[in-house]
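Number of protein chains: 2
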Amino acid sequence: MEEILRQQIEKIVPLTDDEFRLVLSHFSVGNYKKHQYIVQQENPVPYVHFVVKGLLKSFYIDKSGKSYILQFAMEDWWITDNQGFYNNQNATLNIDCLEDAQTYYITLDNREKLCAELQKMEFFFLQKMTAGNIALQNRILSLMSKNSEERYIQFIQLYPDLIHRIPKTLIASYLGISRETLSRLSH
Amino acid sequence: MEEILRQQIEKIVPLTDDEFRLVLSHFSVGNYKKHQYIVQQENPVPYVHFVVKGLLKSFYIDKSGKSYILQFAMEDWWITDNQGFYNNQNATLNIDCLEDAQTYYITLDNREKLCAELQKMEFFFLQKMTAGNIALQNRILSLMSKNSEERYIQFIQLYPDLIHRIPKTLIASYLGISRETLSRLSH
DNA sequence: GATAATTTGTGACCTATATCACATCAATGC
DNA sequence: GCATTGATGTGATATAGGTCACAAATTATC
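Sequences listed follow chains A and B, in order. Using my numbering, read the first sequence as starting at 29 and increasing by one per residue. Using my numbering, read the second sequence as starting at 29 and increasing by one per residue.
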């Protein structure tokens with residue numbers, strides 16, 4: 029399990045065994061059941077999670093009760109409510125498990141300590157955040173410039189693994205279309 | 029002019045005069061005319077720009093020729109094509125000036141050198157990137173959960189300064205709606 | 001200051017997608 | 001193994017917003 033985290037980091041910065049032990053010592057391990065919430069709207073957001081097993085989603089619920097999926101996270105992905113976590117605010121998002129899951133999670137304090145002790149980790153987080161930015165910008169352009177079918181096709185190309193693990197209903201919610209419309213596309 | 033950059037950085041990390049001189053030595057100054065392109069689709073993206081004067085926009089043009097505005101940038105904002113700049117790829121976006129503009133710009137190499145020489149600048153860039161992520165996620169949720177009118181009202185609240193500097197046509201393009209629809213909302 | 005270019009408003013019409021309503025089928029929990 | 005809950009498909013209908021077309025008003029440019 030640790031290996032997934034190590035490989036994820038080493039894709040960007042090489043680590044000695046000692047360094048990786050140091051990294052690991054700042055994380056904790058969490059086990060969660062399908063349907064379990066790990067972040068809830070209006071509550072604090074103490075951790076970022078690195079998923080080593082399972083599948084989660086983050087989503088926003090508007091006043092009328094409709095929900096919109098911001099992100100899925102499976103093995104080798106990071107997930108949290110950024111706004112809550114980085115600004116020490118209460119969550120505007122929910123995160124729950126679509127499958128039983130295991131994560132390595134870290135507090136903001138520990139992340140800062142880790143970066144202070146091991147400079148290259150700050151570079152790692154910066155690289156990750158940058159890649160995240162690029163992905164989000166592309167998603168915005170996709171929402172603005174593509175129709176439902178094009179967005180669905182793009183989703184399949186980007187995340188072929190997810191298609192078989194996630195009900196269409198949720199994919200629709202991620203793409204910003206109704207489940208009926210997605211159903212009518214599906215062939 | 030330098031002061032704008034210094035204040036921008038010092039909102040996040042304090043700097044001595046010497047440190048700021050070091051920072052500044054890694055930037056160059058650019059002056060651009062209204063309508064001038066500083067990044068063009070299919071071309072390299074050598075710089076990130078920090079705007080000290082004027083107003084720019086970044087936008088994507090799809091195959092059918094329609095254009096979609098990803099970002100405006102006025103004084104105290106950063107702008108580039110992230111994908112091109114950070115991955116050393118050719119631009120997928122265009123950036124041009126809506127008004128005569130002046131920027132401090134920096135290459136990726138210089139940014140990395142600067143971070144190596146002055147650790148706290150890496151923290152600064154990480155904070156900026158994080159704030160950017162949060163803003164982008166909110167924009168995605170806004171595109172998915174709000175209708176045209178709600179998005180327009182939100183834009184006015186978020187960027188009251190921009191309303192008077194930017195034609196409605198362009199605001200429509202930023203919001204992902206047609207200029208006619210925005211016109212019909214406007215009162 | 002005249003000419004050109006851009007921006008804005010508005011009508012008529014069209015279409016992609018949402019919504020509502022059922023029916024079926026699959027999965028999950030006790 | 002039965003009962004509940006969730007997933008999917010599909011028809012009928014409604015609607016927000018797009019597109020096209022033109023005119024008026026405003027702003028740039030030489």
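Quick reminder that beta carbons are idealized off the backbone N, C-alpha and C, glycines included. These figures come from a predicted structure and were not determined experimentally.
Beta-carbon proximity check, residue i vs residue j, cutoff 8 angstroms
i	j	result
Val-67/B	Asp-104/B	no
Phe-78/A	Tyr-114/A	no
Ile-37/A	Val-57/A	no
Phe-100/A	Ile-184/A	no
Phe-55/A	Ile-123/A	no
Phe-87/A	Tyr-75/A	no
Gln-155/A	Val-80/A	no
Leu-84/A	Leu-98/A	no
Leu-210/A	Lys-196/A	yes
Asn-161/B	Asn-138/A	no
Leu-164/B	Leu-164/A	yes
Leu-43/A	Met-102/A	no
Gln-64/A	Gln-147/B	no
Cβ shell of residue i (< 7 angstroms), same chain only, five flanking positions each side left out
i	result
Ala-119/A	Val-67, Gln-68, Gln-69, Glu-70, Asn-71, Val-73, Asp-109 and Gly-112
Lys-61/B	Cys-125 and Asp-128
Glu-30/B	Leu-52
Ser-170/A	Arg-179 and Gln-182
Ile-205/A	Ser-176
First through last residue of the beta strand (DSSP E) which encompasses residue i
i	result
Phe-151/B	Where Phe-151/B is concerned, there is no enclosing beta strand (DSSP E), although the alpha helix (DSSP H) it sits in stretches over 147-173.
Val-67/B	65-67
Leu-83/B	83-89
Ser-211/A	Element bounds for Ser-211/A: not the beta strand (DSSP E) but the alpha helix (DSSP H), 207-213.
Gly-112/A	Unbroken run through Gly-112/A is the alpha helix (DSSP H), 110-114; no beta strand (DSSP E).
Gln-99/A	95-102
Tyr-180/B	Run containing Tyr-180/B: none in the beta strand (DSSP E); it sits in the alpha helix (DSSP H), 176-186.
Asn-59/A	56-60
Sequence-distant residues of its chain with Cβ nearer than 6 angstroms to residue i (five each side left out)
i	result
Arg-34/A	Phe-48
Ile-225/B	The structure shown does not extend to residue 225/B, since chain B is modelled only from 29 through 215, so no value can be given for it.
Arg-207/A	Thr-197 and Ala-200
Asn-59/A	Gln-130
Leu-142/A	His-54 and Met-149
Leu-7/B	With chain B covering 29 to 215 only, the question about residue 7/B has no answer from this structure.
Counted within 10 angstroms of its Cβ, other Cβ atoms place residue i as buried (16 or more) or exposed
i	result
Met-149/A	buried
Thr-158/B	buried
Asn-116/A	exposed
Leu-198/B	buried
Met-172/A	buried
Ala-144/B	exposed
Ile-107/B	buried
Gly-82/A	buried
Endpoints, alpha helix (DSSP H) assigned at residue i
i	result
Ile-123/B	It is not in any alpha helix (DSSP H) - Ile-123/B instead sits in the beta strand (DSSP E) that spans 122-125.
Val-51/B	45-53
Ala-200/A	196-203
Tyr-132/B	Here Tyr-132/B belongs to no alpha helix (DSSP H); instead the beta strand (DSSP E) covers 129-135.
Arg-193/A	That residue, Arg-193/A, is in no alpha helix (DSSP H); it is neither H nor E in DSSP.
Gln-35/A	30-38
Cutoff 8 angstroms; reference residue i; Cβ partners in own chain excluding five residues on either side
i	result
Phe-151/A	Ile-40 and Val-41
Asp-90/A	Tyr-96
Leu-213/A	Ser-176, Glu-177 and Tyr-180
Ser-92/A	none
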